[in-house]
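Enquirer: Heads up: the sequence shown begins at 55 in the working numbering, then just goes up one per residue.
For every residue, glycine included, the Cβ atom is placed at its ideal position computed from N, Cα and C.
As the structure is a prediction and not an experimental result, all values here were calculated from the model.
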Amino acid sequence: MKNSAMRALSVMVLGAAIWGAASACTAAKGEPEPERWAANKGSALVVMDMQVGFMPIRRSSRIFAAVQGLVAAADAAGATVVWVYTDHEVSRKGTPAFEVAPPLAPAPGHLSVTKVGTNAFSGTGLIDMLAERGVGRVVFCGLASDGCVKASVESAVALGYKVVVAEDAHTVVSAYGPDSAINAMNVAWRTMQGVELLPAADVRFDAPRR
């Protein structure tokens, strides 16, 4: 399982690097679209790939607690919660490895999307889901810091969302990445235009306008 997870995450990180290069080219041509945040003031929590097949993870107990706290805060505010799944060889849809890892658990009313690559917005319908719910601000947490979270954050910025990353609620697979990968992404996001880096406990959610 560990070797398979390493191969799978290697593919995802490569995909993230390709997507990042494309995003950089897009940014060089002009500013990101402002329409989504200008028109929609609601917030959504996007939980990335916290699936059984990718366990164990670095900083496990702290990450699970932080993600649980974000989900509870989003629910209390009436904000949108989206669980992102990856259908891959170590997390194949229809198997236990695909499911969200305990103690996390999607609740009735939460949304979900399934992707096959690194980017949560690519081919998943997530953009339309957020638009239907008046979401212009997206809060990210989950797995993996330098893979799918990175690719999705860059995509969200390019798409014109206001983006928040919970600095203590993203991680990497234990067999694949060291703690330094988590820290390196926080350093990068701290200076990235269009991204706000916050402790999970400081993240606030607004319900979409109806």
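Do you know whose CA, among I117, L213, G107 and A159, lies nearest A151's CA?
Expert: G107
Enquirer: Run through the DSSP bridge pairs and tell me what E143 is partnered with.
Expert: DSSP lists no partner for E143.
Enquirer: Does the Cβ of Q247 have 16 or more other Cβ atoms within 10 Å, making it buried, or fewer, making it exposed?
Expert: exposed
Enquirer: If we ignore side chains and look at the alpha-carbon of each, how far apart do A242 and A130 end up?
Expert: 30 Å
Enquirer: Between the stretch 251-259 and the stretch 225-236, do three or more beta carbon pairs fall short of 8 Å?
Expert: no
Enquirer: If you count every other CB in all the chains shown that lies within 10 Å of the CB of K147, and 16 or more means buried, which is it?
Expert: exposed
Enquirer: Grab me the residues of R90's own chain with a C-beta within less than 7 Å of its C-beta, minus the 5 sequence neighbours each way, in chain order.
Expert: Closer than 7 Å at the Cβ level, and outside the excluded window around R90, lie G190, L213, G214 and Y215.
Enquirer: Am I right that V135 and H164 are in contact with their C-beta atoms under 8 Å? What's the rounded C-beta distance?
Expert: 4 Å
Enquirer: Have a look at T140 and A92 and give me their C-alpha separation to the nearest angstrom.
Expert: 30 Å
Enquirer: What would DSSP say about L252, mapped onto helix, strand or coil?
Expert: strand
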